[in-house]
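If you count by the UniProt record's numbering, then the sequence shown holds residues 1 to 410, one letter each, in order.
Beta carbons are placed, not taken as given, at the ideal position from N, Cα and C, and that holds for glycine.
One structure below.
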Amino acid sequence: MQPETILKEWFGYDSFRSGQREVVDTILSGRDCLAILPTGAGKSVCFQIPALMQTGLTYVISPLISLMEDQVAHLQQNNIPAVCINSGMSKHTYNEIMYDIHTGVYKLVYLSPERLQNERFIRFALKNPPDFVVVDEAHCVSQWGHDFRPSYLQIREFVEQLPKRPLYAAFTATATPAVRQDIISSLGLADPAVILRSFDRPNLFFAKKSPADKDRALLDELEKVKGKSGIVYCSTHHHVERCFRLLRQHGYSAARYHAGLSVGERTVTQAAFINGQMQIIVATSAFGMGVDKSDISFVINYNMPQSLEEYYQEAGRAGRNGADARCTLFCSGEDLRIGKALAQQQEKPEGALQLLAAMWDYCHHDGCLRNYILRYFGETRMENCGKCSYCCTSGWWKQFTDFFRNDPDY
Numbered sequence: 001m002q003p004e005t006i007l008k009e010w011f012g013y014d015s016f017r018s019g020q021r022e023v024v025d026t027i028l029s030g031r032d033c034l035a036i037l038p039t040g041a042g043k044s045v046c047f048q049i050p051a052l053m054q055t056g057l058t059y060v061i062s063p064l065i066s067l068m069e070d071q072v073a074h075l076q077q078n079n080i081p082a083v084c085i086n087s088g089m090s091k092h093t094y095n096e097i098m099y100d101i102h103t104g105v106y107k108l109v110y111l112s113p114e115r116l117q118n119e120r121f122i123r124f125a126l127k128n129p130p131d132f133v134v135v136d137e138a139h140c141v142s143q144w145g146h147d148f149r150p151s152y153l154q155i156r157e158f159v160e161q162l163p164k165r166p167l168y169a170a171f172t173a174t175a176t177p178a179v180r181q182d183i184i185s186s187l188g189l190a191d192p193a194v195i196l197r198s199f200d201r202p203n204l205f206f207a208k209k210s211p212a213d214k215d216r217a218l219l220d221e222l223e224k225v226k227g228k229s230g231i232v233y234c235s236t237h238h239h240v241e242r243c244f245r246l247l248r249q250h251g252y253s254a255a256r257y258h259a260g261l262s263v264g265e266r267t268v269t270q271a272a273f274i275n276g277q278m279q280i281i282v283a284t285s286a287f288g289m290g291v292d293k294s295d296i297s298f299v300i301n302y303n304m305p306q307s308l309e310e311y312y313q314e315a316g317r318a319g320r321n322g323a324d325a326r327c328t329l330f331c332s333g334e335d336l337r338i339g340k341a342l343a344q345q346q347e348k349p350e351g352a353l354q355l356l357a358a359m360w361d362y363c364h365h366d367g368c369l370r371n372y373i374l375r376y377f378g379e380t381r382m383e384n385c386g387k388c389s390y391c392c393t394s395g396w397w398k399q400f401t402d403f404f405r406n407d408p409d410y
């Protein structure tokens, strides 16, 4: 069966997006692969199709239980034999799943990097080795990345223990040239094909502001996109709660999401947002990874993120349907103080502070915002974009905001 046939019959898509077929072909050729594809480019399909075309088992290593469960649920809806192993399941359920893996019931097994350090699981994997290992959100392995997870450093050791080296691929949406090299060496990818697509998202409009009154600025910004679906990101639980109350007081259909809420409440909130029952979600960075909602029309960062990687991932959740979308960043001295405090709590505070400094520099950059972002990720571009708050004239700015406010079909 050809990849296009699987894409159509199992996933319902008529054709591959840019870069997808190249990644699929590279994996099927047996070569290690590092794929850096922009947010919304459809990374999951790139490894799910080869997994279905292989005769053996595929392990997908992912950092978040919610992300794994969401992907597995989508696969199961398409009758694709996939399962997620997580720490929350009972011993009985775990044993049943392991038996089913052993007997060939599943094609894809999603698990956290911490699972690879479990002695019982290692013994099982040595007797039932995977033919294909996928590392999702691979930037988590880099100590210079924005979301370093020490457990990701154990993936290489696990792969090297296996009786036969599997196909090996890593995926991420945001990685600077230095982080790419760190991913390759830390995971032990062997002469990988590095497949890189432009980080540019032409349909996204970037704006940054340093308002004296952020609450007023937030309400003004929401007025421009009234009736649209979007995310307001905050750096702390306190800011989430404050913005959530502000939006509710002004009649917005809003919900909140942060790690201080129960799993049940977060699950209900996410479902309500995806299904369109809530228009706006106010959240920390805990929300968004793997969320399957293509019609997000705006992302507002009420606080400055910890890094440009984090910012671009969050902003990139807008406009995945190809429609124009607004990405607005607020920044202040308070944000920098909060950012420094959070950076000091990281495993590698020096690296975290360097990332924060680049983010702060972006906030005060006097030039094309899109060019700054693309240069940061290693792309060169000479001309200004004409679609950011720096490049736009007042006439274009008015035309753009009028489009969002008045277009009945948007």
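Through-space distance from residue j to residue i, alpha-carbon basis
i	j	result
Leu57	Ser44	16 Å
Tyr257	Asp335	20 Å
Leu162	Ile122	9 Å
Gly88	Ala125	20 Å
Asp136	Cys392	37 Å
residue 413	Gly276	This structure gives no information on residue 413, because the portion of the chain shown stretches from 1 to 410.
Leu261	Pro63	20 Å
Ala272	Lys293	11 Å
Thr93	Asn128	18 Å
Arg90	Tyr376	Correcting the residue type first, residue 90 is Ser in the shown sequence and not Arg. Their backbone Cα atoms lie some 45 Å apart in a straight line.
Met304	Gly30	42 Å
Ala358	Asp366	14 Å
Trp360	Lys209	12 Å
Thr26	Ala169	10 Å
Arg165	Phe16	29 Å
Glu347	Thr5	45 Å
Tyr362	Glu221	20 Å
Ile97	Glu309	36 Å
Gln54	Pro81	13 Å
Residues near residue i by beta carbon distance below 7 Å, same chain, minus five either side
i	result
Ile280	Gly230, Val232, Leu247, Tyr252, Ser253 and Ala254
Ser142	Phe148, Val179, Asp182, Ile183 and Ser186
Val371	What sits at residue 371 in the sequence shown is Asn, not Val. Cβ neighbours of Asn371 beyond the five flanking positions: Arg381, Asn384 and Cys385.
Gln2	none
Gly322	Asn203
Asn78	Trp10 and Phe11
Asp100	Tyr106
Trp144	Ala178, Val179, Asp182 and Gly351
Tyr390	Gly367, Cys368 and Leu369
Test item: CB-CB of residue i and residue j under 7 Å
i	j	result
Leu369	Cys388	yes
Cys46	Val72	no
Ala175	Ile36	yes
Val194	Phe244	no
Ala207	Thr328	yes
Tyr235	Ile338	Before going further, note that residue 235 is Ser rather than Tyr in the sequence given. Result yes, Cβ atoms of Ser235 and Ile338 sit closer than 7 Å.
Leu34	Pro50	no
Val83	Val134	no
Thr172	Ala212	no
Phe132	Leu75	no
Phe287	Arg326	no
His146	Ser307	yes
Ser151	Glu114	yes
Neighbourhood of residue i by C-beta, 6 Å cutoff - its chain only, sequence neighbours within 5 removed
i	result
Leu344	One point to set straight first is that residue 344 is Gln, not Leu, in the sequence displayed. Correct list: empty, nothing qualifies.
Arg156	Leu187 and Gly188
Tyr410	Residue placement at Tyr410 is flagged as unreliable, the pLDDT there being 44, under the threshold of 50; a coordinate-derived value is accordingly withheld.
Phe205	Arg326 and Lys387
Ala259	Ala286
residue 414	There is no way to answer for residue 414, as the model of the chain reaches only from 1 to 410.
Phe158	Leu116
Ile65	Asn86
Range of the contiguous beta strand (DSSP E) that encloses residue i
i	result
Phe171	Leu167 to Thr172
Asn118	Neither: Asn118 is in no beta strand (DSSP E) and is coded neither H nor E.
Ala82	Ala82 to Cys84
Phe206	Leu204 to Lys209
Ala35	Cys33 to Ile36
Close beta carbons around residue i, own chain, < 8 Å, minus the five adjacent residues each side
i	result
Arg197	Ser18, Gly19, Ile36, Leu37, Pro38 and Ala41
Lys214	Tyr302, Phe330 and Ser332
Val240	Cys234, Arg256, Tyr257, His258, Val282, Ala283 and Thr284
Thr269	Ala255, Arg256, Tyr257, Leu261, Met278 and Ile281
Contact belief for residue i with residue j at Cβ below 8 Å, rounded distance in angstroms
i	j	result
Gly378	Pro177	5 Å
Leu116	Gln154	6 Å
Ile296	Ala318	5 Å
Leu219	His250	6 Å
Ile85	Leu52	Not quite, the Cβ-Cβ distance comes to about 19 Å (not below 8 Å), so this is no contact.
Pro130	Asp32	Not really, about 14 Å apart at Cβ, beyond 8 Å.
Leu355	Lys340	So it is not a contact: roughly 12 Å between Cβ atoms.
Limits of the alpha helix (DSSP H) - the one that residue i falls within
i	result
Leu52	Lys43 to Met53
Cys368	Here Cys368 belongs to no alpha helix (DSSP H), and DSSP marks it neither H nor E.
Asn95	Lys91 to His102
Thr58	Looking at the DSSP string, Thr58 is not in any alpha helix (DSSP H); the run it does join, the beta strand (DSSP E), is Thr58 to Ile61.
Tyr311	Leu308 to Ala315
Gly260	Note, Gly260: premise wrong, no alpha helix (DSSP H); not H, not E.
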